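To start, the structure under review is shown below, and the notes come after it.
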Amino acid sequence: VKAIGKPERSVVTTCAYCGVGCTFRAEMRGEQLVRMVPWKDGKANHGHSCVKGRFAWGYANHQDRITKPMIRDSIDQPWQEVSWEEALDYAAGKIRKIKAEHGARALGGITSSRCTNEETFLVQKLIRAGFGSNNTDTCARVCHSPTGYGLSTTFGTSAGTQDFDSVMDSDVIMLIGANPTDAHPVFGSRIKQRLRQGAKMIVLDPRRIDLVKSPHIEAAHHLPLKPGTNVAVLTSIAHVIVTEGLANEEFIRERCDWDEYQDWARFVSDERHSPEFLEAVTGVPAETVREAARLFATGGNGAIYYGLGVTEHSQGSSTVMAIANLAMATGNIGRSGVGVNPLRGQNNVQGACDMGSFPHELPGYRHISQDDTRKLFEDDWGVTLDPEPGLRIPNMLDAAVDGTFKAIYIQGEDILQSDPDTHHVAAGLAAMECVIVHDLFLNETANYAHVFLPGSTFLEKEGTFTNAERRIQPVRRVMEPANGYEDWEVTQLLANAIGCEWDYSHPGEILAEIARLTPTFAGVTWDRVKSGEPLQWPVNDKAPQGSPIMHVDGFVRGKGKFVVTEYVPTDEKTGPRYPLLLTTGRILSQYNVGAQTRRTGNVVWHEEDLLEMHPTDAENRGLRDGDYARLASRAGETTLRVKVTDRVAPGVVYTTFHHPATQANVVTTDNSDWATNCPEYKVTAVQVTPSNGP
Ligand code: SF4
231 VKAIGKPERS
241 VVTTCAYCGV
251 GCTFRAEMRG
261 EQLVRMVPWK
271 DGKANHGHSC
281 VKGRFAWGYA
291 NHQDRITKPM
301 IRDSIDQPWQ
311 EVSWEEALDY
321 AAGKIRKIKA
331 EHGARALGGI
341 TSSRCTNEET
351 FLVQKLIRAG
361 FGSNNTDTCA
371 RVCHSPTGYG
381 LSTTFGTSAG
391 TQDFDSVMDS
401 DVIMLIGANP
411 TDAHPVFGSR
421 IKQRLRQGAK
431 MIVLDPRRID
441 LVKSPHIEAA
451 HHLPLKPGTN
461 VAVLTSIAHV
471 IVTEGLANEE
481 FIRERCDWDE
491 YQDWARFVSD
501 ERHSPEFLEA
511 VTGVPAETVR
521 EAARLFATGG
531 NGAIYYGLGV
541 TEHSQGSSTV
551 MAIANLAMAT
561 GNIGRSGVGV
571 NPLRGQNNVQ
581 GACDMGSFPH
591 ELPGYRHISQ
601 DDTRKLFEDD
611 WGVTLDPEPG
621 LRIPNMLDAA
631 VDGTFKAIYI
641 QGEDILQSDP
651 DTHHVAAGLA
661 AMECVIVHDL
671 FLNETANYAH
681 VFLPGSTFLE
691 KEGTFTNAER
701 RIQPVRRVME
711 PANGYEDWEV
721 TQLLANAIGC
731 EWDYSHPGEI
741 LAEIARLTPT
751 FAGVTWDRVK
761 SGEPLQWPVN
771 DKAPQGSPIM
781 HVDGFVRGKG
791 KFVVTEYVPT
801 DEKTGPRYPL
811 LLTTGRILSQ
821 YNVGAQTRRT
831 GNVVWHEEDL
841 LEMHPTDAEN
851 RGLRDGDYAR
861 LASRAGETTL
871 RVKVTDRVAP
881 GVVYTTFHHP
891 ATQANVVTTD
901 NSDWATNCPE
911 YKVTAVQVTP
921 SNGP
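The opening residue of the sequence shown carries number 231 in full-length UniProt numbering; numbering runs sequentially from there.
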């Protein structure tokens, strides 16, 4: 504090990195942000923070920020700086022309999980009401879309069941495909705190993450499953619970569909689902599975937390439903200490899903084909909506290559770096007549753009984020937008340029519209959010103060639904050409594709993505720690430095995806979840050979 001088004022706002949603006091000197101090009254963080929220905010003033709009007629031409009016007229002219020549369905857009609820709501409104198509999608397509499908099907709502505080009442914590001490650090610390108090931990992960064993912490059971076998392991756990008479039949009879439960119980009881039978498939010793199953069923309050290691698979939606089955079978739903909880990656991915970003759903998860819901929006917006679901991101790219999809508006999302099969993404973008990128930096996707609209950071805007526990929190303006506008204003200007008569003057007015049209947000107002009221949706007549825990008296869908989830092996099979399985993840100091964190001091903690490899696999290839290796799959190849470690099992390699130089997604394939098209990032058959370097 001495070095930077005493702060003159402070503004309380919400972190824009992960789905924990920590609250900070942004301390200012003049117009200069001098530090971010975790706020003791923050409902999600209780005064704690991690190195991202605390230190990685300098990107807001980074020299790479683009603050002037730019246009160009083709992607091989240099960018030309223009006025906002000229850029918006140019973009609107392209949109109008394409709509006239090819129809509304040739247009679409992508919302951002980094932006506020209000901004996301406006982007999907622009696409549906302004462009006239339902071709809207969001980054949840590539992360938690299976959560949406799986939890809606089984419980009736597309969200985690608990607040974060609930974990302090858990006796057994099952962690599946998540690494919270790196990806959700403040909640990861909460788990550690509960473990130190005596709770037991079961970890399902191909890699030995910190929560398996670190100082003062040791999981009761680590199930180091082969990548791609989540459903098989969960089915074998269910087998033990049912065949050993450990299911909570009283809960099931009262709360779930009993006939569906019986069908499911018969299915999991089959001998081919026993841990012994499946051991060769999953790689997990049968006795470990049995002990873990017994502990979860009999150890008291059992809570399940999961991450992208569940969803980013060809069986992502099946895995989410298998998790829900397990929670219902053991009666672990509807009270503190239990539940099924997706750990959301991005600060507002929950909100982006809630706000109607998906091509088949209007805000509040209501299907676009429902006449009464569509009419509600049509009457409010004064338009006629397309009743057919639109295209998902991969389908937009396919249609672009086929010549039927022509223009896209992308807000705050770098699909070239974050989506799978980079070559296909590039081909799709290159085939479009108009790509409008609305972002902070000239990201990789912008290489294919014709219009660049400068974005604003979370420090420069107002609105709300919804964290992984459905908590709607205020985002407050700390400094003036470097480009002159908040992102919702830019979307409104683009809408005005194509003829929509919108005149919102503050995000609070957009939030009022959201509340008017979305029953789960009915009781949410800007004044309530701004005052710091703890509001977790649903907030409505039935729950005026919000809902920290869901499905307390009954499931949102009525009876809980057991779904039979048959294990189907992934297409990514190892063989002589590609003998190893690659899986991917994050590290503590960096965030996703690194667009923000790499432009802050945090970069010193992680200068490159490394390829973790078991000592046996490294030795077999003549590789030593620090050597370069070529990583190749049937989709592509890249070069990475090797880190030899027994954190990964033999046959498995692991890397992060934070640096554009290594582009891990060059090697991930176009396999995807059967229900939602979420890419199978977590399993790729690869070959690793020595290399002289990039
Ligand atoms: Fe931000 Fe997540 Fe870290 Fe909290 S845990 S400070 S929300 S990145």
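We treat Cβ as the ideally placed atom computed from N, Cα and C, and that holds for glycine.
Quantities reported herein were computed from a predicted structural model and do not represent experimental measurements.
From the DSSP output, in three-state form, read off residue i for me.
| i | result |
| --- | --- |
| V397 | helix |
| K605 | helix |
| Y535 | strand |
| H597 | strand |
| A712 | coil |
| E501 | helix |
| L543 | It should be noted that the sequence gives His, not Leu, for residue 543. Here H543 sits in coil by DSSP. |
| P572 | strand |
| P799 | coil |
| S240 | strand |
| residue 925 | Nothing can be reported for residue 925: it is not among the residues displayed for the chain, which extend from 231 to 924. |
| R807 | coil |
| M558 | helix |
| K232 | Residue confidence is low: K232 scores 46 on pLDDT, short of 50, so the model does not pin down where it sits. Its coordinate-derived value is still stated next. In the structure shown, K232 sits in coil (DSSP, three-state: anything other than H, G, I, E or B). |
| V664 | For the sequence presented, residue 664 should be read as Cys rather than Val. Of the three classes helix, strand and coil, the one that applies to C664 here is strand, per DSSP. |
| V918 | strand |
| G339 | strand |
| V794 | coil |
| M626 | helix |
| A246 | coil |
| C486 | strand |
| I467 | helix |
| Q826 | coil |
| R358 | helix |
| G418 | helix |
Would you list the residues sitting across from residue i in a DSSP beta bridge?
| i | result |
| --- | --- |
| K443 | E448 |
| F785 | G788 |
| L870 | A859 |
| Y821 | Y821 pairs with nothing; no bridge assigned. |
| Y639 | G339, I666 |
Looking only at its chain, what residues have a beta carbon closer than 6 Å to the beta carbon of residue i, apart from the 5 residues adjacent to it on each side?
| i | result |
| --- | --- |
| P711 | S686, E690 |
| A286 | T827, T830, N832 |
| A322 | A727, I728 |
| A552 | V461, L464, T795 |
| A630 | G658, A661, M662 |
| S342 | Q641, G642, E643 |
| V250 | A274, H414, V416, F417 |
| Q392 | G569, N571, I779 |
| S599 | P617 |
| K789 | C486, D487 |
By Cβ distance below 7 Å, which residues in the same chain neighbour residue i in space, the five residues on each side in sequence not counted?
| i | result |
| --- | --- |
| A408 | Y535, Y536, G537, G539, L573 |
| A468 | V498, N555, L556, A559 |
| F394 | A274, F417, R420, E699 |
| A516 | P505, E506, E509 |
| R335 | S363, N365 |
| P880 | H844, T846, D847 |
| N713 | T297, P684, S686 |
| M266 | F254, A256, G283, R284, W287 |
| I357 | G338, G339, S363, N365, T366 |
| C345 | N578, Q641, G642, D717 |
| K232 | Bear in mind that the predicted position of K232 carries a pLDDT of just 46, short of 50, making it unreliable; the figure below should be weighed with that in mind. Nothing meets the Cβ criterion. |
| R706 | V241, V242, T243, E692 |
Starting from the C-beta of residue i, find all residues in its chain whose C-beta is less than 8 Å away, skip the five residues before and the five after it, and write them out in chain order.
| i | result |
| --- | --- |
| H653 | A865, G866, V896 |
| L646 | T652, V655, A656, L659, N673, E674, T675, N677, Y678 |
| F424 | Note that residue 424 is Arg in the sequence shown here, rather than Phe. Here the set comprises V397, M398, S400, I403. |
| V786 | F385, G386, T387, M780 |
| G784 | R485 |
Could you confirm whether any beta carbon from chain C is found closer than 8 Å to the beta carbon of residue i?
| i | result |
| --- | --- |
| S686 | No chain C appears in the structure shown, which is made up of a single protein chain. |
In chain order, which continuous runs of the beta strand (DSSP E) of length 3 or greater are located wholly inside the segment 829-858?
840-843
Considering only residues of the segment 271-314, which uninterrupted beta strand (DSSP E) runs meet the minimum length of 3 residues and lie entirely inside it, listed in chain order?
none
Complete beta strand (DSSP E) runs within the segment 877-913 (minimum length 3 residues, chain order):
882-886
Residues around the ligand SF4, please: the condition is that the C-beta lies closer than 6 Å to some non-hydrogen atom of it.
C245, Y247, C248, V250, G251, C252, N275, S279, C280, K282, G283, H414, P415, V416
Whole runs of the alpha helix (DSSP H) within the segment 695-741, excluding any shorter than 4 residues:
717-727
Please go through the segment 641-694 and give each complete alpha helix (DSSP H) segment of 4 or more residues, from N-terminal end onward.
645-648, 652-661
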